[in-house]
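Here the structure comes first, spelled out in structure tokens, and everything after it is commentary.
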Amino acid sequence: MRTSGILLHISSLPSEYGIGTMGKEAYKFIDFLHRANQSLWQILPVCPTSYGDSPYQSFSTYAGNPYFIDFDLLRKEGLLKKSEYSNIDWGSDPEYVDYEKIYNNRYTVLKKAYKRFKDTDKSDFYKFLDENERWISNYALFMSIKDEHNGKCWLQWEDSLKNRNPHSLWLFKESHIDEIEFWEFVQYKFYEQWHALKEYAHENGVKIVGDIPIYVALDSADVWVAPDLFELDDDLAPTAVAGCPPDDFSEDGQLWGNPLYAWQRHKETDYAWWTDRIRLATELYDIVRIDHFRGFDEFYSIPYGDETARNGKWVKGPGMELFDKLSEKLGELPIIAEDLGFMTDSVKKLLKDSKFPGMKVLEFAFYPDSDSEYLPHNFDKNCVAYIGTHDNPPIKEWLSETDKKSVDFAKEYMGFTLKSENDFVWALTRLLLSSTADTAIISMQDCLELGSESRMNTPSTALGNWQWRMKPDALTKKLEKKLAALTKLYGRCNLKGSK
Numbered sequence: 010m011r012t013s014g015i016l017l018h019i020s021s022l023p024s025e026y027g028i029g030t031m032g033k034e035a036y037k038f039i040d041f042l043h044r045a046n047q048s049l050w051q052i053l054p055v056c057p058t059s060y061g062d063s064p065y066q067s068f069s070t071y072a073g074n075p076y077f078i079d080f081d082l083l084r085k086e087g088l089l090k091k092s093e094y095s096n097i098d099w100g101s102d103p104e105y106v107d108y109e110k111i112y113n114n115r116y117t118v119l120k121k122a123y124k125r126f127k128d129t130d131k132s133d134f135y136k137f138l139d140e141n142e143r144w145i146s147n148y149a150l151f152m153s154i155k156d157e158h159n160g161k162c163w164l165q166w167e168d169s170l171k172n173r174n175p176h177s178l179w180l181f182k183e184s185h186i187d188e189i190e191f192w193e194f195v196q197y198k199f200y201e202q203w204h205a206l207k208e209y210a211h212e213n214g215v216k217i218v219g220d221i222p223i224y225v226a227l228d229s230a231d232v233w234v235a236p237d238l239f240e241l242d243d244d245l246a247p248t249a250v251a252g253c254p255p256d257d258f259s260e261d262g263q264l265w266g267n268p269l270y271a272w273q274r275h276k277e278t279d280y281a282w283w284t285d286r287i288r289l290a291t292e293l294y295d296i297v298r299i300d301h302f303r304g305f306d307e308f309y310s311i312p313y314g315d316e317t318a319r320n321g322k323w324v325k326g327p328g329m330e331l332f333d334k335l336s337e338k339l340g341e342l343p344i345i346a347e348d349l350g351f352m353t354d355s356v357k358k359l360l361k362d363s364k365f366p367g368m369k370v371l372e373f374a375f376y377p378d379s380d381s382e383y384l385p386h387n388f389d390k391n392c393v394a395y396i397g398t399h400d401n402p403p404i405k406e407w408l409s410e411t412d413k414k415s416v417d418f419a420k421e422y423m424g425f426t427l428k429s430e431n432d433f434v435w436a437l438t439r440l441l442l443s444s445t446a447d448t449a450i451i452s453m454q455d456c457l458e459l460g461s462e463s464r465m466n467t468p469s470t471a472l473g474n475w476q477w478r479m480k481p482d483a484l485t486k487k488l489e490k491k492l493a494a495l496t497k498l499y500g501r502c503n504l505k506g507s508k
């Protein structure tokens, strides 16, 4: 089935309170998708962000981001008063997220909601805790201890808590019952609002395409709870970390710093941790994009403490054995494999054996002297095609930084008469939608004809990322009708009652 959708993270939705949430603007966006004949909404990871505000570096692979909890929905439940959050300075620019102000103010508001929640019927809350016991109690404990230590990484806690001494953990729990329950309450409300939003999407024929990073953050409940599943030394520090080798785009490579998996230990446990992770991801999302799929075939191992990725080496990963085991336990896996970059023959074989759709990006296609695999005439049907992802520039920025030969080749390939940058945007959009790819995803920034000011992430940079937000009046009837017509024209319209 040919489908199409829009890439827009929740944080990028309009909001009066500094960052996009699962409130009315999310519901309005689903309405827009339905009317525009789009059947997919792709987002980035919804887990809590940690240092650098990246959704790919989180304190937990299971928890939801507290920033996305909608205050107005809590007010309707009687848990907040409008005055408790409407008069706070959430940032002066409606097109950017001010993460410092969000961090400093949001938890104060949520704690007011929690204080009122304590006097309500908590039977559904306790049911939620029981259903999520495998992760939520450890996560809530982890965040409470972290708060007690002024946000320090768990490796800097006293040995008894760092090493999870049972008696020390019990003492901490007994003396911090309220703080721990607060973090459980936050997750309860996140998941409650999320499932309501997802149900509304389904009612409108829209599926959610989610995203999980292949690795977890070192400073996370995941590593603290199960250190034996990662390559750590006797003091629980990493022996090696993840990244990518030097290439044409980065002479030092990319040093991500995530701990590497102890794959032999995962195998000994019958891949139980990965089974839990993928099970939750497929419950949370309808389709799951896994970042850096290559790492399952071979992963790049960089000595811990190195300041660049130059001295790393490739090490064999679990390969198809992992996905065979996951399929055995979970059934058919609705996974998209992020297979961008240099792919070896063994990675290509893994992708083929898994039968997962890979990704194609038009911005990588237009090299005049190369018959690129990213040119639409080379697409397999079983792929997900993009103009660009969250790591790529919007088309207008791409035009300004790409050499003239490549731009001229793109124009020749498309065969359209292009009088402006906006013409180029929509010519590429037509090329994407008309391609043989089963699935086509357009970024919201390109739909809105935006440039460098709207870029979501520039890889290998620490500042200025994940901040862009859509203007409140951006979703016009004109744009809606334009997308609806193109989607129908190229046979990607699958919604009941679509135009």
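If you're matching positions, the sequence shown starts at 10 in my numbering and goes up one per residue. Every residue, glycine too, gets a C-beta built ideally from N, C-alpha and C. Since we're looking at a predicted model, the values are computed, not measured.
C-alpha distance - residue i paired with residue j, whole-angstrom precision
i      : j      : result
Gln476 : Lys91  : 25 angstroms
Asn503 : Thr448 : 12 angstroms
Ala210 : Asp380 : 39 angstroms
Leu227 : Pro268 : 6 angstroms
Phe2   : Phe68  : Nothing about residue 2 can be reported from this structure: the residues present for the chain run from 10 to 508 only.
Ser507 : Thr411 : The predicted position of Ser507 is uncertain, since its pLDDT is 48 and thus under 50; a value taken from the coordinates is nonetheless stated next. Approximately 37 angstroms, taken between the alpha carbons.
Leu342 : Lys155 : 35 angstroms
Gly304 : Arg125 : 46 angstroms
Tyr71  : Ile344 : 17 angstroms
Val250 : Pro222 : 15 angstroms
Asp257 : Tyr376 : 15 angstroms
Gln454 : Glu167 : 46 angstroms
Thr438 : Leu82  : 36 angstroms
Gly326 : Tyr309 : 10 angstroms
Cys392 : Leu170 : 46 angstroms
Arg478 : Asp243 : 44 angstroms
Val356 : His301 : 11 angstroms
Glu212 : Ala205 : 11 angstroms
Thr445 : Val297 : 21 angstroms
Asp64  : Cys56  : According to the sequence provided, residue 64 is Pro. The question's Asp does not apply to it. Roughly 6 angstroms between the two C-alpha positions.
Thr353 : Val232 : 30 angstroms
Leu241 : Tyr270 : 9 angstroms
Residue range of the unbroken beta strand (DSSP E) whose run includes residue i
i      : result
Val297 : Ile296 to Ile299
Pro175 : Segment Pro175 to Ser184 is the alpha helix (DSSP H) holding Pro175; no beta strand (DSSP E) there.
Ser310 : Glu307 to Pro312
Trp50  : Leu49 to Gln51
Opening and closing residue of the alpha helix (DSSP H) in which residue i lies
i      : result
Asp168 : Asp168 to Lys171
Val416 : Lys413 to Met423
Glu93  : Ser92 to Ser95
Thr496 : Lys486 to Leu498
Thr12  : Unbroken run through Thr12 is the beta strand (DSSP E), Thr12 to Leu16; no alpha helix (DSSP H).
Ser6   : One cannot answer for residue 6 here, as it falls past the ends of the chain, which runs 10 to 508.
Ser59  : Counting along the chain, Ser59 falls outside any alpha helix (DSSP H), and DSSP gives it neither H nor E.
Ile145 : Ile145 to Glu157
Val434 : Glu430 to Ser443
Leu408 : Ile404 to Glu410
Glu140 : Ser132 to Glu140
Val225 : Where Val225 is concerned, there is no enclosing alpha helix (DSSP H), given that its DSSP letter is neither H nor E.
Leu293 : Ala281 to Leu293
In DSSP terms, what residue i is bridged to
i      : result
Cys253 : Gln263
Asp220 : Arg298
Tyr197 : DSSP output for Tyr197 lists no bridge partner at all.
Phe239 : Tyr270
Trp477 : Tyr105
Tyr395 : Val370 and Ile450
Pro247 : Leu241
Member of the options whose CA lies at the smallest distance from the CA of residue i
i      : options                          : result
Tyr123 : Val195, Val416 and Tyr148        : Val195
Leu472 : Asp62, Arg478 and Phe365         : Asp62
Gln165 : Leu245, Cys56, Lys121 and Ile39  : Leu245
Arg115 : Leu349, Leu89, Met423 and Ala419 : Leu89
Leu384 : Ser336, Leu440 and Lys357        : Leu440
Leu293 : Asn466, Gly219, Trp99 and Lys491 : Gly219
Tyr108 : Pro75, Lys131 and Lys420         : Pro75
Leu42  : Glu25, Gly27 and Ser13           : Ser13
Met3   : Asp389, Pro312 and Asn141        : Nothing in the structure corresponds to residue 3, since the chain is present only between 10 and 508.
Trp144 : Trp192, Lys131 and Lys121        : Trp192
Glu208 : Ser95, Lys182 and Ala35          : Ala35
Ala235 : Ser101, His275 and Thr317        : His275
Asp98  : Lys121, Gly73 and Glu25          : Glu25
Gln51  : Ser336, Gly350 and Ile19         : Ile19
Asp482 : Leu241, Ile15, Gly100 and Phe38  : Phe38
Glu337 : Lys497, Trp283 and Ile299        : Trp283
Lys27  : Gly424, Ile15, Leu495 and Asp102 : With the sequence shown as reference, residue 27 is identified as Gly, and Lys is not the correct amino acid for it. Of the listed residues, the one whose Cα sits closest to Gly27 is Asp102.
Min CB distance residue i to chain B below 7 angstroms
i      : result
His204 : In the displayed structure, chain B is absent; only one protein chain is listed.
If you scan the segment 361-392 from start to end, which runs of the beta strand (DSSP E) of 3 or more residues do you find wholly inside it?
-> Counting only runs of 3 or more, we get 367-370.
Going along the chain, which unbroken runs of the alpha helix (DSSP H) with 4 or more residues stay wholly within the segment 309-349?
-> Counting only runs of 4 or more, we get 329-339.
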